[in-house]
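Below is one structure, written out as C-alpha cells, with a few remarks after it.
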Amino acid sequence: MQHILPHPTSTASATLNRRGAFRRKLQTSMAAYGFLAPFLLVLVTFTLIAVIYAFYLSFFYVNFGITIPKFVGWFNYKLIWYDLTHQGTFYISLINGIWYTAGVVSIQTVLALLLAILINQKIRFKGIYRTLFYLPSLTSSVAISLIFIWLYKPNGGINYVLSLIHIKGPNWLSDPTGFLAHIFAPHNGNLPYILAGPSTALIAIILLAIWTTAPTFMLIYLAALQDIPDSLYEAARIDGANEWQLLRNITIPLLRPTTFLVVALGTIGGFQVFDQIYVMQGPGGGPINTTIVPALTIYNTAFTNGLTGLACAEAVILFVVIFALTVLQRRFIDTSIQY
Amino acid sequence: MTTTSVSPSTAEERPQIAANDRRQPRDNGELLRAVLLYGLLTIYGVFSLIPFVYAFASSFKTEAEVLHTPPTLLPLQPTLAAYQTIFSSSNNFTHYILNSFIYATVAAGLNVILASMAGYAFGRMEFWGKNALFGLTLAVMMIPGQLIMIPKFLIANSLHLTNNLAALIIPNMVAPVSVFIMTQFLKTLPRELEESAVIDGASRLRTFWQIILPLVRPAMTAVALFSFQGAWNDFIWPLLVMSSPQNYTLTVGLTFFAGVHYTEYSLLLAGAAVNIAPLVVLFFFFQRYFVRGFATAGLAGR
Chain S
166 MQHILPHPTS TASATLNRRG AFRRKLQTSM AAYGFLAPFL LVLVTFTLIA
216 VIYAFYLSFF YVNFGITIPK FVGWFNYKLI WYDLTHQGTF YISLINGIWY
266 TAGVVSIQTV LALLLAILIN QKIRFKGIYR TLFYLPSLTS SVAISLIFIW
316 LYKPNGGINY VLSLIHIKGP NWLSDPTGFL AHIFAPHNGN LPYILAGPST
366 ALIAIILLAI WTTAPTFMLI YLAALQDIPD SLYEAARIDG ANEWQLLRNI
416 TIPLLRPTTF LVVALGTIGG FQVFDQIYVM QGPGGGPINT TIVPALTIYN
466 TAFTNGLTGL ACAEAVILFV VIFALTVLQR RFIDTSIQY
Chain G
112 MTTTSVSPST AEERPQIAAN DRRQPRDNGE LLRAVLLYGL LTIYGVFSLI
162 PFVYAFASSF KTEAEVLHTP PTLLPLQPTL AAYQTIFSSS NNFTHYILNS
212 FIYATVAAGL NVILASMAGY AFGRMEFWGK NALFGLTLAV MMIPGQLIMI
262 PKFLIANSLH LTNNLAALII PNMVAPVSVF IMTQFLKTLP RELEESAVID
312 GASRLRTFWQ IILPLVRPAM TAVALFSFQG AWNDFIWPLL VMSSPQNYTL
362 TVGLTFFAGV HYTEYSLLLA GAAVNIAPLV VLFFFFQRYF VRGFATAGLA
412 GR
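Chains S and G supply the protein sequences, listed in that same order.
Per my numbering, the very first residue in the first sequence carries number 166; after that it's consecutive.
Per my numbering, the very first residue in the second sequence carries number 112; after that it's consecutive.
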C-alpha cells in the first residue's frame with residue numbers, strides 16, 4: 166500500500182489512508198454480512214441455538230407439549246448412569262452402536278480405498294464402472310431397506326445365492342444370537358451382552374450399510390488419489406519399487422488426511438444410524454433389542470415415552486462419545502503430509 | 112463399391128492395429144494384471160447393480176412369482192398390478208411424490224442461491240470475523256444430527272412450522288456443505304475479475320450476479336444435485352415434523368405403507384422403484400457434477 170502514497174512520511178496522509186482502509190473494510194464487511202445473512206440466520210437458529218438448547222434441556226424434566234420444563238439438575242444424567250450400570254436400553258443401544266460403527270467403519274474404509282484404487286487405474290469405461298459402483302450410495306436408505314427386507318428373508322435372494330455354493334444362510338433379520346455367542350457358546354448362547362457380539366440381525370444391517378456407503382467414500386478417495394503427483398510413482402519405479410511398495414510407501418501415507426476424514430465421517434455417521442433399522446426392524450430395534458442403536462433410543466425416549474429432557478441428556482452423552490472418538494482418531498491418524 | 116473403399120483404409124490401419132496390440136499386453140504378467148483388474152471391476156459392478164435390477168424386475172411380477180423359489184430374474188407374466196395397487200386413491204402416493212418433489216426442488220434451488228451468496232462472501236471478500244465464521248461452518252458439519260434433532264424439532268414447532276412443507280425446507284435451505292463447496296470454487300477464480308468490474312463502477316450485487324455466478328455453474332449444479340438428493344432421500348426430519356398423512360414425503364409414506372404391507376413384497380419393491388427412479392435418471396445425466404462435488408467436499412479434511 167505504501168508505495169502509492171505521495172508522502173510516505175507524512176503522518177496526516179498515513180492517518181487518512183488508515184481511515185480509508187478502515188472505511189473500506191467496514192463497507193466490505195457490511196456487504197459480506199449481507200451476502201451471508203440467510204446462511205447465518207439458518208445456522209444460528211437451527212444449529213447453534215439447537216446445540217445450546219440440547220445441553221440446557223438435558224437438565225430439565227420436560228414432556229414436550231404437556232408439561233412446563235422443571236429444573237432437575239443432574240437427575241437425567243443419573244438416570245442414564247443407572248441405565249448404563251444396570252444394562253438398560255441405552256446401554257444395549259450404545260454397545261450395538263459400537264459394534265455397528267466398528268464393523269462398518271473398518272470394512273468400508275478399506276473397501277472404499279480398494280475401489281478407488283481400482284477405478285484410478287488406466288482402464289476403459291471408467292465412467293461406467295464409477296456409475297455402477299455409486300448406485301447404492303445414490304438411492305435412499307428407505308428404498309434400499311425395503312428391497313433388503315425382501316432379499317434377506319429366509320428363502321430370499323441372498324440365501325438362494327448362498328445355497329448355490331452350499332451354504333445354509335441364516336435367518337438374517339430375526340436371529341438375535343450374537344456372533345461371538347455363536348462361536349463360543351453355540352448351545353445356550355449365554356454370554357454377557359457386551360461379549361456376545363453383534364447379532365445376526367445387526368450384522369445384516371452392518372453389511373447393508375457397508376454396501377451403501379462405501380461408494381460415497383470411494384469418490385472422496387478417488388479425488389484425493391488424482392491429486393498425488395505421478396512423478397512420485399515414476400521416481401519410485403526407477404528405484405525398483407514394486408506395486409505393493411508403491412501402495413504402502415506412497416499412496417497410503419499420502420492419503421492419510423483423506424483417511425482421517427473418511428474414518429471420522431464414518432464414525433459420526435455410524436453412531437447416527439437410524440433409517441435402515443427403523444424401516445427394517447421398527448423403532449424397537451428387534452429382534453429382542455439386538456438392533457436398537459442410540460438414535461432409536463433417543464427417538465423413543467423423546468417421542469414415544471415423552472421424556473424430552475432425558476432424550477436430550479442421552480443425545481449429549483452420544484455427542485461426547487462421538488467427539489472423544491474423533492479426537493482419538495485425529496491423534497491416531499497422523500494427518501501431516503510430507504512429500 | 113464397398114470393397115474398393117474399404118480395402119485401402121484397412122491396409123493403412125493394419126500396421127497401426129498391430130502396433131496397438133503390441134503396446135497392450137506386453138507379457139503374461141501384464142495380461143494377468145488386466146484380467147484381474149477387469150475381473151474385479153466387473154464383479155463389484157454386478158454386485159452393486161444386481162439387487163436393483165432384480166428388485167426392479169420383480170416389481171413387475173405377480174406376488175406368487177415374487178415369493179417363488181427358485182427365484183426368477185425376469186418376470187414370467189409381467190404385470191403392473193403392484194403399481195396399480197400403490198397408486199390406488201386410498202394410498203396417498205401421489206401426495207407423497209408431490210411433497211418430496213416440492214421439498215427437493217425448492218431446497219435445491221435455495222441452496223444454490225443462498226450458498227452461492229455465502230460462498231461469495233467467504234471466497235472473495237475480506238471482512239471482520241471471516242476466519243472464525245468459516246471455521247464454524249466447517250465445525251458444524253461434524254456435529255452429529257442426533258444432538259440437535261430434538262431441539263431443532265422444538266424450535267421448528269415454536270416457529271409454527273410443523274406439519275407444513277416449510278418445516279422441511281426452511282431448516283435445510285442452505286446447508287454448510289453447500290456453502291463449503293461454493294466457497295472452494297469461488298476462491299479459485301482470478302482476482303482481476305472483480306477489479307475490472309469495480310473500476311467499471313458496477314455494484315457488488317451486479318458483479319456477483321453478472322460476472323461471478325455464470326463462471327461457477329458447475330459448482331452450482333453440484334450443489335443443486337447434492338441438495339436434491341439429500342432432500343429426496345431425507346427420512347428422519349420429515350418423520351418428525353409431518354404429522355398428517357397427506358403431508359408425508361415419499362420416504363415416510365413408504366415406510367408407513369411398508370409397516371402395513373410388510374409381507375407383500377411386490378408392493379414394497381414397486382414403492383422402492385418409484386423412490387429410486389428419479390435419482391437414477393438425474394445421476395445418469397449429471398454424474399460428472401456429482402463426482403466434482405465430492406472432490407471438493409473431500410477437501411474439508413485437509
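Ideal Cβ placement from N, Cα and C applies to all residues, glycine included.
A contact between stretches requires three or more CB pairs, one per stretch, nearer than 8 Å, and the region 193–210 of chain G meets this requirement with the region 375–382 of chain G. Secondary structure of G/Lys241 (DSSP, three-state): helix. Here DSSP, grouped into helix, strand and coil, assigns S/Phe439 to coil. Scanning chain S for C-beta atoms nearer than 9 Å to the C-beta of G/Leu380 yields Leu311, Ile312, Trp315, reported in chain order. In this structure, DSSP gives S/Gly343 an extended state, which the three-state scheme calls strand. Judged by their CB atoms, G/Ser377 and G/Ala192 are nearer to each other than the 9 Å cut-off. Chain S places a beta carbon closer than 9 Å to that of G/Thr407, counting this residue as a contact. Cβ neighbours of G/Leu326 within its own chain (closer than 8 Å, five residues either side excluded): Leu300, Leu304. When CB distances to chain G are screened at a threshold of 7 Å, the residues of the region 224–249 of chain S falling below it are Phe229, in chain order. Taking CB atoms only, S/Trp337 has no neighbour in chain G less than 9 Å away. At a cut-off of 9 Å, the C-beta of G/Glu176 has no neighbouring C-beta in chain S. Within the same chain, Cβ atoms closer than 8 Å to the Cβ of G/Asp345 are found at Tyr214, Leu279, Asn283, Thr360, Thr362, the five residues on either side in sequence being excluded.
For G/Glu303, not one C-beta of chain S is nearer than 9 Å to its own C-beta.
At least one CB of chain S lies nearer than 9 Å to the CB of G/Glu237.
Just so you know, the alpha carbons of S/Gly230 and S/Ile260 end up roughly 32 Å apart. As the crow flies, the alpha-carbon of S/Ala379 is around 17 Å from that of G/Thr153. CA-CA distance, G/Phe395 to S/Leu475, rounds to 45 Å. For G/Ser170, the three-state secondary structure derived from DSSP is coil. G/Tyr155 counts as buried, since no fewer than 16 other beta carbons sit within 10 angstroms of its beta carbon. Cα atoms of G/Leu247 and S/Ser339: separation of roughly 43 Å, rounded to the nearest angstrom. About 37 Å separates the beta carbons of G/Phe368 and G/Ala330, which is beyond the 8 Å limit, so they are not a contact pair. In terms of beta-carbon proximity, G/Gln195 stays away from the interface with chain S, with every pair separated by 9 Å or more.
Shown here, S/Phe236 sits in a strand according to DSSP, grouped into three states.
G/Ile347 is a Cβ neighbour of S/Tyr464, given a cutoff of 9 Å. The beta carbon of S/Ala460 lies closer than 7 Å to those of Gln437, Val438, Phe439 in the same chain, with the five residues before and after it left out. When Cβ-Cβ separations below 9 Å define contact, G/Gln295 makes no contact with chain S.
G/Leu336 and G/Gln398 have their alpha carbons spaced roughly 9 Å apart.
Assigned with DSSP and collapsed to three states, S/Phe225 falls in strand. Contacts with chain S at 9 Å (Cβ-Cβ) include G/Ala369. Residue burial is scored here from C-beta neighbours: G/Leu143 has fewer than 16 other C-beta atoms within 10 angstroms and is therefore classed as exposed.
Counting only runs of 4 or more residues that sit fully inside the region 265–347 of chain G, the alpha helix (DSSP H) segments are 276–280, 287–298, 303–310, 328–344, in chain order. With contacts defined as CB atoms closer than 9 Å, S/Leu387 and S/Arg289 fail to qualify as a contacting pair. A residue is called buried once 16 or more other Cβ atoms fall within 10 Å of its Cβ, and S/Asn407, having fewer, is exposed.
For the set S/Gly405, S/Leu372, S/Leu426, the Cα lying nearest the Cα of S/Ile272 is the one of S/Leu372.
In terms of Cα proximity to G/Pro255, the closest of S/Ala215, S/Ser194, S/Thr466 is S/Ala215.
In this structure S/Val481 touches G/Leu258 by the C-beta definition: roughly 7 Å separates them, less than 8 Å.
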